[in-house]
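Worksheet: the structure to be examined is printed underneath.
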Amino acid sequence: MNILQLLAELAEANPAVYEQASQRRAILGRLGAMGAKVAAASLPLAAGSLLFATPAHARNTPLDVLQFALVLEHLENDFYRTALGLLAKPDGSKVPAGFIPADVRADFVTIQQHEQQHVDFLTTAITNSGGVAETKPAFDYTGSHNGSQAALFPDVFTNLDTFLAVAQFLEDAGVRAYKGQITTLQSDNGILEAGVRIHSVEARHAAHIRTLRRQRQSAGAADAIRSWVGSGASGSPLPGKTDLAYVGEDLLTQPLSTVSNVTFSELTTLAPVFGTDSARLQRAVQEAFDEPITTEQASAVVALFTY
């Protein structure tokens with residue numbers, strides 16, 4: 000089954016989440032103890048770091064986070080709209096209809112629809128929170144700031160491999176950015192739930208795009224692109240240009256709470272027990288977590304494409 004078929008419901012985070020949240024919590028509260036234990040056991044190990052890690056310079060209020068998240072979603076949504084020929088580039092021209100191959104075009108139509116749903120939800124949430132959605136920036140996905148400097152990605156809409164690399168970059172950055180802001184949302188359970196749901200959809204987008212990139216590699220490639228962040232080909236897709244989203248992804252220490260950390264480096268001494276070598280075990284530890292990034296780091300990614 001195509002993974003994108005699983006994303007539609009997750010993507011439909013909408014304002015009704017506020018009204019539905021208490022009802023869902025009541026239902027969950029009536030689950031038996033055994034069911035609760037099973038549910039808890041099914042959570043990814045990284046859930047602790049997602050909920051408790053607090054990077055420096057996180058936004059101060061839930062409304063601040065919503066405004067920042069909206070910019071990120073506009074960035075991604077307009078990227079896919081442009082690639083699909085739904086939105087003109089800064090020079091007024093449109094990407095030809097056949098740029099994205101027919102066999103994967105439906106995938107990117109679905110992803111773009113998810114991003115539009117996120118934009119719509121966040122805009123409504125900001126309004127319902129008493130705010131006014133900030134004006135959408137102007138984007139130039141070549142990174143040339145509308146011709147004012149040399150382009151970082153001059154062939155982003157003419158070379159499918161570059162397009163996929165930039166798509167992965169944006170999705171990976173979005174996943175880490177949501178983690179960097181998520182603790183600020185804990186004061187509002189409805190927004191927190193929606194934020195985590197959007198975060199999970201973005202992570203699945205990233206995994207799917209990575210899978211598409213792996214399928215385009217030569218058969219038996221020595222460094223196959225994984226569906227998750229890792230070293231080598233599984234890290235920054237265009238080294239020197241997309242590194243901003245991957246700083247700190249090789250850490251061996253993870254937060255257990257707001258006041259303590261867990262260091263996994265000692266696990267490498269147990270490599271023989273697991274029937275592997277220390278280097279492979281260390282890589283596995285590094286790949287088990289997606290670290291958050293700060294507002295400044297995420298803003299630097301956005302700044303590459305705004306003018």
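One point on numbering: in numbering that gives the first Met the number 0, the residue at position 3 of the sequence shown is 2, and numbering is uninterrupted.
Quick reminder that beta carbons are idealized off the backbone N, C-alpha and C, glycines included.
No experiment lies behind these values; they were computed from the predicted model shown.
Where residue i falls, given that 16 or more other Cβ within 10 Å makes a residue buried
i    : result
Y140 : buried
L269 : exposed
G247 : exposed
A105 : exposed
S147 : exposed
G91  : exposed
R203 : buried
A302 : exposed
A172 : buried
T109 : buried
G309 : For the chain, the structure presents residues 0 to 306; residue 309 sits outside this window and is missing.
A149 : exposed
A176 : buried
A297 : buried
A193 : buried
Bridge partners - residue i, DSSP secondary structure assignment
i    : result
T305 : F138
Residues near residue i by beta carbon distance below 7 Å, same chain, minus five either side
i    : result
L163 : I208, L211, R212
Q216 : A223, I224
D187 : P61
L74  : F138, L169, V301, F304
Any non-hydrogen atom of the ligand GTP within 7 Å of residue i CB
i    : result
L159 : Among the ligands in the structure shown, none appear at all, so the ligand GTP cannot be discussed.
Pairwise C-alpha distance: residue j and residue i
i    : j    : result
E114 : R80  : 10 Å
L44  : P153 : Caution is warranted here: a pLDDT of 28 is assigned to L44, below 50, making its placement in the model unreliable, and no coordinate value can be reported.
V174 : E201 : 6 Å
E72  : P271 : 45 Å
T262 : P89  : 47 Å
I99  : F156 : 9 Å
V165 : D276 : 33 Å
A278 : A124 : 45 Å
E170 : T122 : 20 Å
R196 : F288 : 18 Å
A82  : F120 : 23 Å
K135 : S143 : 18 Å
F107 : A87  : 17 Å
Y245 : A101 : 31 Å
Y17  : A283 : Interpretation of Y17 is limited by its pLDDT of 34, a score under 50 that renders its predicted location unreliable; no figure is taken from the coordinates.
F78  : L151 : 15 Å
8 Å Cβ shell around residue i - same chain, five flanking residues per side excluded
i    : result
L191 : I181, L184, Q185
G130 : L62, L65, Q66
V103 : L211
E133 : Q66, L69, V70
T126 : A132
D160 : R212, R215
G231 : D222
Under 8 Å between C-beta atoms of residue i and residue j
i    : j    : result
A299 : L237 : no
N76  : Q111 : yes
T307 : F168 : For residue 307 there is no data in the structure shown, the boundaries of the chain being 0 and 306.
G314 : V228 : Since the displayed the chain opens at 0 and closes at 306, residue 314 lies outside it and no answer follows.
Cβ shell of residue i (< 6 Å), same chain only, five flanking positions each side left out
i    : result
G84  : K93, V94, A96
A137 : Y306
A206 : S226
H117 : E72, I197
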